[in-house]
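First up is the structure itself, then whatever we jot down about it.
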Amino acid sequence: MKIDFTLNGEQREIDVTPMSRLLDVLRCDFELTGSKEGCGEGECGACTVFVDGKAVNSCLIPVAQMQGREVRTVESLASNEMLSDVQQALIKFGGTQCGICTPGIAMMASAALEAEPNASRARMRELMAGNLCRCTGYQLIIDAVISAAEARRRHG
Amino acid sequence: MADFLQPQTLHAALEARAAHPDYLPIAGCTDVMVGFSHQAQPTGFIDLFGLAEIQGICADDGHISIGAATTYGDILKDPLVYESFPVLSEAIREIGAVQIQERGTLGGNLGTCSPVGDTLPVLLALDAQVHVASSKRGSRLVPINDFIVGYRKNALAEDELIVEIKMPLAPEGTQQYWRKVGTRRAQSISKLMMCVVGRLNGKDVEHIRIALGAVAAAPMRVEKTEAVLAGQALHEETILAAQDTLASEITPIDDVRSSAVYRKEVACNLLGRFLNDLGGA
Amino acid sequence: MTKPGHSFVGHSVNRVDGHAKVSGRAIYVDDISMPGMLHGRTVRSKVAHGTLKDIVFDAAFDWSDITTVTAKDITGPNFVALMEEDQPALVPMGGKIMHHDEPVALICGPDKSKVDAAMAHIDQQVDELPAVLSIDESRAANTLLYGDDNIFKAYTLEKGEGLDEAFAAADHIVEGEYFTGAQEQMYIETQGMIAHWQDESLHITGSMQCPYYIHNAMKSLFGLEDEAVVISQAVTGGGFGGKEEYPSMLAAHVALLAKKAGAPVKIIYDRSEDVAATTKRHPCLVKHRLGLNAHGEIVAADVDITFDGGAYVTLSPVVLSRGVLHSIGPYKCPTLRVVGRMMATNTPPHGAYRGFGAPQTTFAYERQIDKAARVLGMDPVEFRLRNRLNLGDETATGQILKNSVASEKVVREVMAQAEKEPPNDICMPKAVQDVKRGRGFALYYHGAGFTGSGEDRLKGRVAVAVNKQGEFEVRSASTDIGQGAFTIFTQIAATTLGVDVANVKVVQPNTKMVPDSGPTVASRTCMVVGGIVEQAANGLKEKLQAYGESKGLDCGDVLALAEAHAKDVGELAFETTYKSPPGIHFDDQTYRGDAYPCYGWAACLVDVAVDPDTYEVTVERCIHAVDVGKAVHPIIVKGQIEGGTMQALGWALWESVLYKNGKVMNPSMTDCIIPTAMEAPELETIIVEEPYPHGPHGAKGVGEIPMDGPAAAVANALQDALGKSFDVVPMLPETIAEVLKGGPA
Ligand SMILES: Cc1cc2nc3c(=O)[nH]c(=O)nc-3n(C[C@H](O)[C@H](O)[C@H](O)COP(=O)(O)OP(=O)(O)OC[C@H]3O[C@@H](n4cnc5c(N)ncnc54)[C@H](O)[C@@H]3O)c2cc1C
Ligand code: FES
Ligand code: FES
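Same order as they appear, the protein sequences are chains A, B and C.
For the first sequence, our numbering begins at 45 and goes up steadily by one.
For the second sequence, our numbering begins at 413 and goes up steadily by one.
For the third sequence, our numbering begins at 688 and goes up steadily by one.
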């Protein structure tokens, strides 16, 4: 089946089995290996991408449903070599260790900051609860995201 | 290669459904895609995700209707729902986490009809009706209690799709209670969930609905327990009697998530808590 | 650019791998593809114990593009070399299946879905045998799995004379039995490996902690020389011990497949396979008896420890050793006996997991210490301070603590923090009324580095070099598995060399390019390997300066010297070997002496809130003070402490691996749960620095100690909240409900 969609801002077409997982198509067909698989069943969030601006698990999406939609992956967060504020904060505050959860964390945190820029720490934990991290205990991730939010507020 | 249909109208979707009763309707796929590659594959799919006609929330003649393909994320954003049915909003807020809520739909929860489908006890306690439709036979409104038939089994016919869920607005003074007891706070499968909707007239129970999930093969209303309370003054003894009846009315099991003993005890504790609160409210 | 003489130690520079990781560019094993690469799968046993009669490949299935491997294809000795030669790479025909999900055959092919489909066409003929599924069944020894008593290994540790008399003279005796369950590491990246053969030499890349363990196992399995096996680490998505020994098994499998298929082969476990088959924390039963005098002192201890080792020896004897050595805790006790044994059962082998035996025995003694304080009517913190080990005191093995003791400091730091307002904005318990609250405390220590003289045997080596491009390189086999090893090595080397961190690269470990610095385990990477990095950097600097002098160059500018050397002569490396600090003696036979070169110290305070209706526990506060000697990189250290703390809280309250007939019943992230950000409290972490004179800049280990104590602090808090004793890990709501009803706990 032929599917047309926008991927990281570019119009793409691909011929695939309709029920292929978006995650596999991104990783294998488009060689965008930034999205990771931790569970394949929607639990860990390592495969988080944006579809029409919403953070979703790409391991649970049949690629055929992407027809006409706009998909963004972690590879699109930085513009040129410039990391986004969330990415920079994750480095600075120690929000990444082994890094396997990090692309998903960076994506979800970016979505959370868009949706609720004034979220409290407790609310931010709730928004990030679909992203499992075994390394950090979450504290430094939440520190990073909250500090990015504060910086955005400071700079308007 | 499996066939993949993307009807653009409800009419087309119903036609497709009638023409291909062996095709699987899909919405957010948060149930369908789990373990998908390890299961027998249907010959085709009918994609309902984003089908505008069965999305959205509206209020009319004392009801609120939610389109079957409305995502949880969209339901949460709607003030109509959280003002009228705070229990539904609370329940949805605890489903999976954001990524699941952006994809999962109410229609999908009813379609799967799992004993741990979190919205089902809420819909039971709210006396919801499920609006289903077929291209040949038109539509019908099925009371949620009849819609849920058994373990992962609902009353949907081969040629039908779920169109919307309708809930009657409750009269002033109705209290709603919800509690999900999960394995953890988010991304968690329920060990038990309970929804109680009730209204007192003075001390007397004028209206009572008690529904639970994960305590039997399918989410259920405990009508015997309700009967113990209906029309009675809400005293400590009535509450104790209701808890006793509840303990014999539910049949939870031991599984990887919890034990029968725990489920029973906690169900009774929560009922006591809610009824005491209702009595004091 | 920083001036020479600047120290990067103690500063949180940006992680060297940070940019690649946040941008999604870091290459993990599953991100690697090779031309002609095939996908492999492992056929696993379906019984816990039995004799493998035959493996039948369905003749009706099209096997034309699938390669199959069974034990018959193994020409060398069929075992995965580690401590004992007991665990086969594949169960041979006629051989014993020792646990559920044990590898019996391998397949691979170009099309992943076809390989998956083929799995359903392989049948095993097995004569089932009675299985030994618990510690009790193993000790009963009705079915023998190992030797004549099912005991893989036993140790006895004794101190003082007249234990019975000491107990008879004691004013109080505190007795308890503690059981802690298996725990899954649940690194978010599942295990994975790629192999290819080139001109008779074997190349393996994958997710791993210890390249040289795999190197050794492959040499043995295929009868190859050192140079003919090249093991390289891909960026690794977490290990926590889980990628210490198991990767050797997986490496054997991809290597066997690649050899037979004549093409590169990759195996990536899916989550269910990873949870079902790989190693977990050892379940453990501890019977603990303490004798106390009327002054509130511990006078005697009698401890009996039994670990469930699972089906093969793997690293279990070392886990047992650490468990035994930590079982009295950081407390003075003149007379004691500890008996520990590691049992064989028909469950998948248990193995390395952060803490390595110590969390299990720490749970027991810190419950005991709490109960002792209760019996005496003493404040639990006061009781600990009275009995704690101090400088000059003697440990259970008779080691005199000569330096670096922070037992009091960590307690005081925690108590001072507890006086402060709790962090606001915490995740509140769901219940609003009648919530039961309690506070618990724990004090513990953890031996840093290998036991006793282990480092002398290991002789870890590291090289620091100027490469041909004039860049500095640190070459060590110590892997960065997220704990920040590469960043820390960069800081130490740059500081020693007097150059900027940007001028130093840590080479991604590859056995062809790096010397064996020893395994990445036992909290030794910073303290021991970091020390070798420092020595090697010093050696290189001296060599460069000597070169500079000979050429009449400015010897203050090491970077310029390096560039000059690279241009004129080429590469220059300095390799050096670890030398243990003087005066460390441990007797493996009597278990007397200096068990560890030094100890890290920690104290933890936990506040819990228990829902009166559902028995769900919310951790409202967790204060953790951990002594690390010197925090080379404070943020990385904090991250280590917090990650370990959360794994410990998870083990205490949510995580369990369920077995039925030796098979894991919850092999998924959905059912084998770990905490989310909502379970995690706002962690209050305090870094304490009591320098270790022989560690780089005073640093000692940090990786494991935060895992040891929080579970006991939680149990102590629950007892405070509910007035009952909680002696089983995990303390699930179901368990709590049962204990409150007076049933078995
Ligand atoms: C990580 C994770 C966490 C989860 N957590 C929860 C949770 O906490 N609580 C909970 O209740 N569920 C949970 N779920 C399950 C799932 O998200 C819900 O059941 C969701 O409502 C399913 O909706 P969907 O649109 O994704 O359904 P799909 O997967 O698309 O479909 C599910 C079923 O419904 C049928 N169906 C869908 N729409 C229609 C329609 N309009 N007409 C007829 N049939 C239809 C499909 O044929 C299919 O059989 C979780 C799932 C995951 C992966
Ligand atoms: S891989 Fe998609 S959520 Fe885990
Ligand atoms: S950084 Fe390792 S899982 Fe999050």
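Just so you know, even glycine gets a beta-carbon here, dropped at the ideal spot from N, CA and C.
- Under the DSSP definition of a beta bridge, residue 971 (chain C) partners with C:867, C:994.
- For the C-beta of residue 446 (chain B), the chain A residues within less than 8 Å are, from N- to C-terminus, 85, 86, 104.
- If you compare the alpha carbons of C:810, C:803, C:898 with that of residue 1195 (chain C), the shortest gap goes to C:898.
- In the displayed model, residue 83 (chain A) falls within coil according to three-state DSSP, outside both helix and strand.
- Within the region 1288 to 1318 of chain C, no residue has its Cβ closer than 7 Å to any Cβ of chain A.
- Counting only unbroken stretches of 4 or more residues, the alpha helix (DSSP H) elements lying wholly within the region 116 to 173 of chain A are 129 to 136, 146 to 159, 165 to 171, in sequence order.
- Within the region 1355 to 1418 of chain C, the complete beta strand (DSSP E) segments of 3 residues or longer fall at 1370 to 1375, listed in chain order.
- Nearest neighbour of residue 129 (chain A) by Cα position, chosen from A:77, A:199, A:93, A:51, turns out to be A:199.
- With a threshold of 7 Å, the Cβ atom of residue 83 (chain A) does not count as near ligand 3, since no heavy atom of the ligand is closer than that.
- Listed by position along chain A, the residues whose Cβ is nearer than 8 Å to that of residue 1367 (chain C) are 169, 181, 182, 183.
- Taking C-alpha positions only, residue 821 (chain C) is separated from residue 996 (chain C) by approximately 10 Å.
- Taking the Cβ of residue 451 (chain B) as the reference point, every heavy atom of ligand 3 lies at 7 Å or farther away.
- Take the alpha-carbon of residue 423 (chain B) and the one of residue 547 (chain B): they are about 7 Å apart.
- Residue B:622 holds the alpha-carbon nearest to the alpha-carbon of residue 537 (chain B) among B:503, B:615, B:622, B:523.
- In this structure, the straight-line span from the alpha carbon of residue 677 (chain B) to that of residue 651 (chain B) is close to 14 Å.
- Less than 8 Å divides the Cβ of residue 1296 (chain C) from the Cβ of residue 1116 (chain C).
- For residue 1223 (chain C), there is no enclosing beta strand (DSSP E); the enclosing alpha helix (DSSP H) has its first and last residue at 1217 to 1238.
- Residue 100 (chain A) belongs to the set of residues whose beta carbon lies under 8 Å from a beta carbon in chain B.
- For residue 1282 (chain C), no beta strand (DSSP E) segment is defined, and its DSSP state is neither H nor E.
- For residue 559 (chain B), there are no C-beta contacts with chain A under 7 Å, since the nearest C-beta of that chain is about 25 Å from it.
- Taking 8 Å as the cut-off, the Cβ atoms of residue 967 (chain C) and residue 870 (chain C) count as close.
- Interface flag for residue 501 (chain B) against chain C is unset, since no Cβ pair is found closer than 8 Å.
- According to the DSSP secondary-structure assignment, residue 919 (chain C) is paired through a beta bridge with C:892, C:1197.
- Chain-order list of chain B residues neighbouring residue 63 (chain A): 414, 416, 448, 453, 457, by C-beta distance under 8 Å.
- Residues of chain C whose Cβ lies closer than 7 Å to the Cβ of residue 599 (chain B) are, in chain order, 1363.
- Counting only Cβ-Cβ distances below 8 Å, residue 161 (chain A) has no contacts in chain C at all, with the closest Cβ about 16 Å away.
- With respect to chain C, the C-beta atom of residue 681 (chain B) has a partner C-beta closer than 8 Å.
- Inter-residue distance for residue 588 (chain B) and residue 974 (chain C) is about 49 Å (C-alpha atoms, whole angstroms).
- Collapsing the DSSP output to three states places residue 1073 (chain C) in a helix.
- Straight across, the Cα-Cα distance linking residue 1054 (chain C) with residue 1074 (chain C) is about 15 Å.
- Residue 600 (chain B) has its Cβ nearer than 7 Å to a heavy atom of ligand 1.
- Not one beta carbon of chain A lies nearer than 8 Å to the beta carbon of residue 564 (chain B).
- Apart from sequence neighbours up to five positions away, the residues of its chain that approach residue 1391 (chain C) with a beta-carbon distance below 8 Å are 1041, 1042, 1043, 1045, 1133, 1209, 1210, 1331, ordered along the chain.
- Closer than 7 Å to some heavy atom of ligand 1: that describes the Cβ of residue 531 (chain B).
- Of all C-beta pairs linking the region 1252 to 1271 of chain C to the region 1148 to 1158 of chain C, three or more are shorter than 8 Å, placing the two stretches in contact.
- Per DSSP, the unbroken alpha helix (DSSP H) holding residue 933 (chain C) starts and ends at 933 to 948.
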